[in-house]
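Asker:
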Amino acid sequence: MSKRPLSDYPSKIKKMFPRLPIIIIADGLYPTQGFFDICKRNNWHYAVTLKDGSLRLLQEEIALERRLVPNQKGESIAFHKDHRTKLLCHWLSGLEYKTHMLNWVECNGEVSVKNQGVIKGQRFVHITDMELSNTLCVGVSQTGRLRQKIENEGMSCSVNQENTNL
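The numbering used here puts the sequence shown at residues -18 to 147.
Right, dumping it as structure tokens:
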């Protein structure tokens, strides 16, 4: 099997599924000019993890904008049998990165267990080309986290399969 550059795959996918709406969910390795160009050229949406320290100029713009627009936020609370999940998201839109306009969402989540209080806090940051608002920002952040969920479930299945083969 020959190895092809990653840039060959988008044209093949677009050719095979020309009308299929696609959202690329990617980790922090992918927010690059080339990635954004490929998505724009193919009319694909994306939600990409933004690591602290990557895209430094964009991160500086985000820090300035957050002070100017502090009230762009959304919240979600989900109640489960034995715990509660609370998400508070802040978002910005119309951020310039080279030739692209990006939107940013930061979501801080906490899990509270009955009679134990907050047991786990998490922070997720994503950049996207999808529209954001106080009501949409939580959903976009959760979409960006699907990559992590799929990866974790795949790893769990792999480990469980190895354990049954022992």
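Yeah, the Cβ is synthetic: ideal placement off N, Cα and C, and Gly gets one too.
What span of residues does the beta strand (DSSP E) with THR30 cover, start to end?
Answerer: Segment 26 to 30, the beta strand (DSSP E) holding THR30.
Asker: Looking only at DSSP bridge pairs, what is SER57 linked to?
Answerer: LEU68
Asker: Below 8 Å on the Cβ atoms is my guess for LYS54 versus LEU69; work out the distance and round it to an integer in Å.
Answerer: 7 Å
Asker: What are the boundary residues of the alpha helix (DSSP H) that includes LEU10?
Answerer: That residue, LEU10, is in no alpha helix (DSSP H); it is neither H nor E in DSSP.
Asker: Would you identify the three-state DSSP class for THR109, choosing helix, strand or coil?
Answerer: strand
Asker: Output the distance between the C-alpha atoms of ALA59 and GLY120, rounded to the nearest integer angstrom.
Answerer: 13 Å
Asker: Who pairs with GLU77 in a beta bridge, going by DSSP?
Answerer: MET82
Asker: Could you pull out every residue in the same chain whose Cβ sits closer than 6 Å to the Cβ of ARG65, ignoring the five residues on either side in sequence?
Answerer: SER93
Asker: Given VAL106, which residues of its chain have a CB within under 6 Å of its CB, disregarding the five upstream and five downstream residues?
Answerer: LEU31 and GLU87
Asker: According to DSSP, is ARG104 part of a helix, a strand, or is it coil?
Answerer: strand
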